[in-house]
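The C-terminal residue of the sequence shown carries number 155 in the numbering used here, and the numbering is unbroken.
Where a beta carbon is used, it is the ideal one built from N, C-alpha and C, also for glycine.
Quick notes on the structure that follows.
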Amino acid sequence: MDVTHEAGTALQAELRALRSRTVDRTDRETVVARRVVYAATAGYALLFVSAAVVHFESFHAAFTDLGGMAQAVWSTAHGHFLESTTMPGRQLTRLAGHVDPLLALFVPLWLIWSTPLLLSIVQVLAVAAGALPVYWLARKHLRSERAAVHFALAY
Numbered sequence: 001m002d003v004t005h006e007a008g009t010a011l012q013a014e015l016r017a018l019r020s021r022t023v024d025r026t027d028r029e030t031v032v033a034r035r036v037v038y039a040a041t042a043g044y045a046l047l048f049v050s051a052a053v054v055h056f057e058s059f060h061a062a063f064t065d066l067g068g069m070a071q072a073v074w075s076t077a078h079g080h081f082l083e084s085t086t087m088p089g090r091q092l093t094r095l096a097g098h099v100d101p102l103l104a105l106f107v108p109l110w111l112i113w114s115t116p117l118l119l120s121i122v123q124v125l126a127v128a129a130g131a132l133p134v135y136w137l138a139r140k141h142l143r144s145e146r147a148a149v150h151f152a153l154a155y
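As structure tokens, this is what we get:
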């Protein structure tokens with residue numbers, strides 16, 4: 001009877017040790033997966049922020065895109081809600097052609113750092129940050145760190 005009890009106790013101890021090693025390995029995989037996703041997201045952001053800066057500083061940013069939005073933010077900061085100048089020179093509210101009141105939210109940042117580059121950098125950071133919810137959702141629904149990393153990197 002003692003031999004059976006001792007064997008059962010030894011088996012339970014081995015199962016606990018195996019479970020502990022599995023949990024440790026899973027924790028390690030989770031840490032590595034998070035580091036890969038966060039590093040890849042930061043790398044993406046750094047690369048494309050650099051590209052945005054070079055694009056802007058080399059005068060390749062077009063008026064109709066970045067210029068119009070930057071002027072709308074500048075105008076809002078100076079009391080003229082989302083106004084911009086058309087190519088013929090007329091003052092129009094940006095809401096006449098585009099519905100982007102979100103630009104008004106950039107006014108506080110614009111008062112700190114008033115450059116059109118601010119809009120490009122925020123855009124890059126917003127796109128890069130999208131990889132994180134993709135990773136979190138994939139990890140939650142697929143229950144696989146590796147698959148979640150692949151989904152985040154594919155994003």
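Check: Is it the case that the stretch 99-110 contacts the stretch 73-87, given that we only count it when at least three CB pairs across the two stretches are under 8 angstroms?; Outcome: yes
Check: Going by beta-carbon coordinates alone, are A131 and T41 separated by less than 7 angstroms?; Outcome: yes
Check: Among residues of its own chain, excluding the 5 on either side of M87, which ones have a beta-carbon nearer than 6 angstroms to its beta-carbon?; Outcome: none
Check: Given that a residue counts as buried once 16 or more other Cβ atoms are within 10 Å of its Cβ, and exposed if not, what is P116?; Outcome: buried
Check: What's the gap between the Cα of V53 and the Cα of A138?; Outcome: 32 angstroms
Check: Measuring only the C-alpha atoms, how far is F48 from I121?; Outcome: 8 angstroms
Check: With 16 other CB atoms within 10 Å as the buried threshold, where does F151 fall?; Outcome: buried
Check: Specify the secondary structure class of L82 as computed by DSSP and reduced to three states.; Outcome: coil
Check: Say yes only if the C-beta of Q71 is nearer than 6 angstroms to one or more non-hydrogen atoms of the ligand PLP, and no if none qualify.; Outcome: For the structure depicted, the ligand PLP is absent and the ligand set is empty, with no information on it obtainable.
Check: Which residues does DSSP list as the beta-bridge partners of Q91?; Outcome: T85
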